[in-house]
Amino acid sequence: MDFANYFGDILQQPAYIKKGETEPYLPPLVLTLANAASEESSVNVAPNYRELLPHIDHDWLPTPSSGSFLYGVELPENGPDTYWVNLIQAYEELDDLTKQQITGLQVRHFNFYGKYRDEYPEPAYAAGRSVKPDERVATHPLVRSHPDTGKKVLFLNAASEVDIVDYDLVEGAKLIERLREHIKQPHFVYQHHWSKGDLLYWDNQATAHYRPEFNANATRILKRVSIRGSRPF
Ligand SMILES: [Fe+2]
């Protein structure tokens with residue numbers, strides 16, 4: 152955490168109420184992302200081995216993190232690797248018509264953890280519902296500008312529900328699906344094979360990341376710290 156602090160203020164995630172509980176839970180500044188039993192796992196956690204689709208950390212906050220650090224404490228020999236998608240390149244390689252089509256669109260990003268997910272398993276566009284103001288959701292431009300370089304970024308989450316504000320629900324879902332296919336292309340991707348002790352730092356304002364499902368019995372422990380960011384524009 153001290154090292155991460157050289158790069159900015161540490162992000163404190165807001166408190167939320169876990170399923171079946173009444174008291175709010177304040178997530179720690181250093182998050183343990185762990186799977187399988189180990190001495191360390193007393194800190195945590197639900198099993199964490201299922202596939203993670205491309206997502207941007209904290210996109211469900213009005214001011215998402217600018218970046219995250221991930222430290223490999225204990226890692227299975229044979230992976231899984233983690234993959235980062237270059238969302239600036241992904242934007243640049245869209246055809247002109249699509250660029251026009253998505254200019255100015257706003258997207259609602261929902262948190263896929265916590266209370267929200269249990270109450271609303273179905274995507275908003277499928278259910279045709281409107282969003283309640285207290286839900287863990289934030290609205291961001293689909294094409295954001297990188298705050299340091301000014302470059303345009305296709306700011307898209309493929310791991311959790313999103314919907315486009317003031318847009319036909321069915322057409323919006325189709326458009327999101329098409330963009331999600333687009334960002335899957337391997338030439339946008341950096342693939343990292345972990346070794347114990349690796350510390351990775353990435354830009355949440357320009358990348359999404361994912362990893363495949365792995366053996367549920369494998370012990371894999373990582374620690375994450377995120378840096379506070381600014382409101383996307
Ligand atoms: Fe993540």
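Under our numbering, the first residue of the sequence shown is numbered 152, with each subsequent residue one higher.
In this text, a Cβ means the ideal position worked out from N, Cα and C, and glycines have one as well.
Remember, it's a predicted structure, so these values are computed and weren't measured experimentally.
For the pair V236 and F339, the CB atoms are nearer than the 8 Å cut-off. Put simply, the stretch 211-225 touches the stretch 344-351. At least three CB pairs are less than 8 Å apart. About 6 Å separates the CB atoms of P292 and P383; that is less than 8 Å, so the two are in contact.
V321: member of the alpha helix (DSSP H) spanning L320 to I334, first to last residue. Nearest to P198 by C-alpha distance, out of R375, G380, P179 and A367, is A367. Distances from the alpha-carbon of T254 to those of T183, N262, Y318 and N308 put Y318 closest.
The distance from the Cβ of A185 to that of R362 is about 14 Å, inconsistent with a contact at the 8 Å cut-off. For A241, the secondary structure class from DSSP, reduced to helix, strand or coil, is helix. Contact between A310 and L203 is confirmed by a C-beta separation of about 6 Å, below the 8 Å threshold.
Contact check for N308 and H260: beta-carbon distance about 6 Å, within the 8 Å limit, so the pair qualifies. Excluding the 5 residues flanking it on each side, R295 has same chain C-beta neighbours closer than 8 Å at K303, V304, F306, Q356, P383 and F384, in chain order. In this structure, A155 places its C-beta atom within 8 Å of the C-beta atom of I378. Counting every other CB atom within 10 Å of its CB across the protein chains shown gives T233 a total of 16 or more, marking it as buried. Looking at the backbone, the Cα of E225 and that of D247 are separated by about 45 Å.
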